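Q: Residues in the sequence shown are numbered from 1 upward in steps of one, following the UniProt record's numbering. C-beta: ideal position from N, C-alpha, C; glycine also. Just so it is clear, the structure is predicted and the values come from calculations on it, not from any experiment. Here you go, one structure.
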Amino acid sequence: MNDGHTTDAGDEEEPVTDFDPDSFDADSFDADSWAARFMLLSDPNRLRLVAEMHARPGSTVAELATRIDITENAASQSIRKLRDQGWVRSEKAGRMVHYEVVGDAIVHRILHDIIGVGHLTAADRSDHAHPVTTD
């Protein structure tokens, strides 16, 4: 038995923190809310869109659709679902709408910790996308 939690490649991962099962409160655990979150990410196009918006904040629907090879209509519908759940914010600049992942959304942490998706720094953004401000 290996207690050192390793990846398939054998690289050491960060240790898992100890969990005290007596500290878990089943009454306060909102399984429906978590199921809804995971359901959003279960759609491959939504997951690709989230990863693209995270990597290139300020992208438009047309840019996102082109990058993941779906129609603008499909991208728009998926983005609307993500925005309705508070995972994505938008800013209108003239006739263009720019999107990015909300920084405090759980999906932001999932992208970094589990999937390993990074994003542009603030200095890099001006070269690649339009910045989006908070609503």
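(1) For the alpha helix (DSSP H) containing A51, list its first residue and its last residue.
(2) Between the beta-carbon of Y99 and the beta-carbon of M53, is there less than 7 Å?
(3) Would you say A75 and L64 are within 7 Å of each other, going by their C-beta atoms?
(4) Run the CB neighbour count on G86, radius 10 Å, all protein chains shown included, and call it buried at 16 or more, exposed below.
(5) To the nearest whole angstrom, what separates the beta carbons of V97 and S90, a pair I think is in contact under 8 Å?
(6) Write down every uninterrupted run of the alpha helix (DSSP H) in the stretch 69-109 whose length is 4 residues or greater and which is fully enclosed by it, in chain order.
(7) Have a look at V61, I68, D43 and V50 and flag the residue whose alpha-carbon is nearest the alpha-carbon of H108.
A: Put simply:
(1) P44 to A55
(2) yes
(3) Yes, the pair counts as a contact, with Cβ atoms nearer than the cut-off.
(4) exposed
(5) The C-beta distance from V97 to S90 rounds to 5 Å, short enough to fall under 8 Å.
(6) 72-84
(7) V50
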